[in-house]
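*Asks:* One structure, pasted below without further comment.
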Amino acid sequence: MNTKVFMLFADCIPVAGFKKAVICDLGRGQMMLIPKSLYHFIEEFEGADVSELIDTADDDQKEIIHEYIQHLEDRELLFWCDQTETTLFPKIKPRWQSPGMISNTIIEFNPSDAYEEVLLELNKLGCSYYQFRLANLAPNTLEPFNLLVKTLYEQCQNLNMFEIIAPHDSQDIDEQFLESMKKYIQLRCITFYNHPTNSQTIVDTLVVKYKAHPLTKEHVKSTESTANFFPNYDFFFESKHRSTYYNGKVTIDFEGRIKNSVSDTKSFGSIHTHSLTDVINQPSFQTNWYAAKDKVKGCQDCEFRYTCFDTRPLTFNEADQLYESEIACDYNPYTAQWAN
Ligand code: SF4
8 MNTKVFMLFA
18 DCIPVAGFKK
28 AVICDLGRGQ
38 MMLIPKSLYH
48 FIEEFEGADV
58 SELIDTADDD
68 QKEIIHEYIQ
78 HLEDRELLFW
88 CDQTETTLFP
98 KIKPRWQSPG
108 MISNTIIEFN
118 PSDAYEEVLL
128 ELNKLGCSYY
138 QFRLANLAPN
148 TLEPFNLLVK
158 TLYEQCQNLN
168 MFEIIAPHDS
178 QDIDEQFLES
188 MKKYIQLRCI
198 TFYNHPTNSQ
208 TIVDTLVVKY
218 KAHPLTKEHV
228 KSTESTANFF
238 PNYDFFFESK
248 HRSTYYNGKV
258 TIDFEGRIKN
268 SVSDTKSFGS
278 IHTHSLTDVI
288 NQPSFQTNWY
298 AAKDKVKGCQ
308 DCEFRYTCFD
318 TRPLTFNEAD
328 QLYESEIACD
338 YNPYTAQWAN
């Protein structure tokens with residue numbers, strides 16, 4: 008006789024934390040909190056015969072088992088099949104790979120610096136996303152910046168999108184700048200900070216943001232609530248192998264220093280004196296790239312670890328072979344509580 012068993016859809020992946028668990032529904036980009044007991048139930052009985060368990064369970068346990076299965080069914084997370092068919096539904100292998108060494112770059116634009124070589128190197132390294140931070144919209148900044156964008160557009164075939172962050176000038180100057188830039192279809196977002204108001208408009212594929220607050224270089228905690236989590240395939244599987252914040256990232260600050268991120272103080276070299284590729288190839292430059300959440304103290308016990316975009320500074324503790332951060336996360340996986 009064929010025994011009917013339940014299976015979770017391959018893209019619905021349970022992840023256990025210290026106190027709670029989640030199911031990441033990567034196809035629909037959703038995440039559901041579940042009790043640890045349901046996680047263990049799935050782990051033990053997915054693809055297995057539950058009838059024996061139900062036969063030997065008392066009434067309360069039977070009710071819980073039925074509730075568990077109903078819960079998963081209602082959310083379209085499971086399907087039923089014959090036990091002999093389970094091998095026809097393999098799980099997704101947790102592979103992740105990137106075509107390039109660098110995926111994203113932040114450049115604090117300095118009009119006195121020449122960036123053509125840097126852009127060509129970044130393009131060779133596979134960079135597809137750029138963020139440019141301008142100190143002002145004065146003509147002696149915009150003239151060389153226009154040349155930079157022209158080089159990016161004409162000579163960097165790996166360019167997928169770029170973003171500009173600049174201080175608000177006058178309304179006329181902001182609009183003139185916007186007008187000069189919006190011809191580039193890869194430009195996805197311009198943010199004017201220090202603006203009198205907060206607002207946002209969308210023109211075709213370009214998002215224009217006006218922000219009243221100043222631009223800060225401080226580490227912004229991006230893990231203040233589950234609204235900042237990304238339950239999708241790329242993010243989930245990259246998180247299993249790398250830090251989704253640091254991996255493939257390079258920053259060049261206003262002084263030309265090459266760093267891991269804008270808020271870092273540590274510099275690994277300068278575009279004035281070093282080849283960017285040589286600096287990026289230094290093992291120490293890439294240390295934080297490998298800070299997969301399973302290797303970060305605290306995060307390794309968190310149920311959100313493969314969906315959470317964490318921008319905190321990290322150091323590698325050789326003795327523990329773990330990464331750690333001096334900045335505590337707002338979520339405590341050991342109590343399953345958010346800080347107020
Ligand atoms: S503990 Fe780590 S994985 Fe969990 S929410 Fe905080 S930063 Fe993200």
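Numbering (this note's numbering), first residue to last: 8 to 347.
Idealized CB from N, CA, C, for every residue including glycine.
Between residue 302 and the rest of its own chain, which residues show a CB-CB distance below 7 Å, the 5 nearest in sequence each way excluded?
*Replies:* If we look at residue 302 and ignore the five residues flanking it on each side, its Cβ neighbours are 329, 330.
*Asks:* Can you round the beta-carbon distance between residue 208 and residue 195 to whole angstroms, since I take them to be within the 8 Å contact cut?
*Replies:* Residue 208 to residue 195, Cβ: 14 Å. No contact.
*Asks:* Based on Cα-Cα distance, which residue from 134, 171, 200, 255 lies nearest to residue 188?
*Replies:* For the residues 134, 171, 200, 255, the minimum Cα distance to residue 188 belongs to 171.
*Asks:* With burial defined as no fewer than 16 other Cβ atoms inside 10 Å of the residue's Cβ, what is the status of residue 251: buried or exposed?
*Replies:* The residue in question, residue 251, is buried, as its Cβ has 16 or more Cβ neighbours within 10 Å.
*Asks:* Got a list of residues with beta-carbon closer than 6 Å to any non-hydrogen atom of the ligand SF4, in chain order?
*Replies:* Qualifying residues come out as 230, 300, 305, 306, 309, 311, 312, 315, 317, 336, 338, 340.
*Asks:* Helix, strand or coil for residue 324 per DSSP?
*Replies:* Residue 324 falls in the strand class under three-state DSSP.
*Asks:* List the endpoints of the continuous beta strand (DSSP E) containing residue 137.
*Replies:* Residues 136-140.
*Asks:* Which residue wins for smallest C-alpha separation from residue 119, given the options 324, 19, 337, 147?
*Replies:* Comparing Cα positions, the closest option is 147.
*Asks:* Could you tell me which whole alpha helix (DSSP H) segments of length 4 or greater appear in the stretch 161-217?
*Replies:* The qualifying runs are 178-188.
*Asks:* So, at 8 Å on beta carbons, what are the nonlocal neighbours of residue 10 in its own chain, with the 5 sequence-adjacent residues on each side left out?
*Replies:* 56, 58, 89, 90.
*Asks:* Helix, strand or coil for residue 88, going by three-state DSSP, please let me know.
*Replies:* Three-state DSSP puts residue 88 in a strand.
*Asks:* What does the Cβ neighbour count give for residue 113, buried or exposed, with the cut at 16 atoms within 10 Å?
*Replies:* The residue is buried, with at least 16 neighbouring Cβ atoms inside 10 Å.
*Asks:* Excluding five sequence neighbours on each side, which residues of the same chain lie with their C-beta closer than 6 Å to the C-beta of residue 309?
*Replies:* Once the five neighbours on either side are set aside, the close Cβ partners of residue 309 are 24, 340.
*Asks:* Short check: CB of residue 205 to CB of residue 190, under 9 Å?
*Replies:* No; because the gap between Cβ atoms is not below 9 Å, this pair is not in contact.
*Asks:* Mapping DSSP to helix, strand and coil, what is residue 152?
*Replies:* If DSSP states are grouped into helix, strand and coil, residue 152 belongs with the helices.
*Asks:* Tell me whether the stretch 82-102 and the stretch 13-33 touch, counting them as touching only if at least three CB pairs, one residue from each stretch, are closer than 8 Å.
*Replies:* Counting Cβ pairs under 8 Å, three or more are found: they touch.
*Asks:* Spatial neighbours of residue 264 within its chain, please: CB distance less than 7 Å, with the 5 preceding and 5 following residues excluded, ordered by chain position.
*Replies:* Excluding residues within five positions, the ones whose Cβ falls inside 7 Å are 274, 277.
*Asks:* Locate the alpha helix (DSSP H) running through residue 75, then write down its first and last residues.
*Replies:* 66-81 is the extent of the alpha helix (DSSP H) around residue 75.
*Asks:* I'd like to check one pair, residue 33 with residue 243: are the Cβ atoms closer than 9 Å?
*Replies:* Yes, these two residues count as a Cβ contact at 9 Å.
*Asks:* If I'm right that residue 193 touches residue 154 with Cβ under 8 Å, what's the distance once you round it to whole angstroms?
*Replies:* Actually they are not in contact, since the Cβ atoms of residue 193 and residue 154 sit about 16 Å apart, beyond 8 Å.
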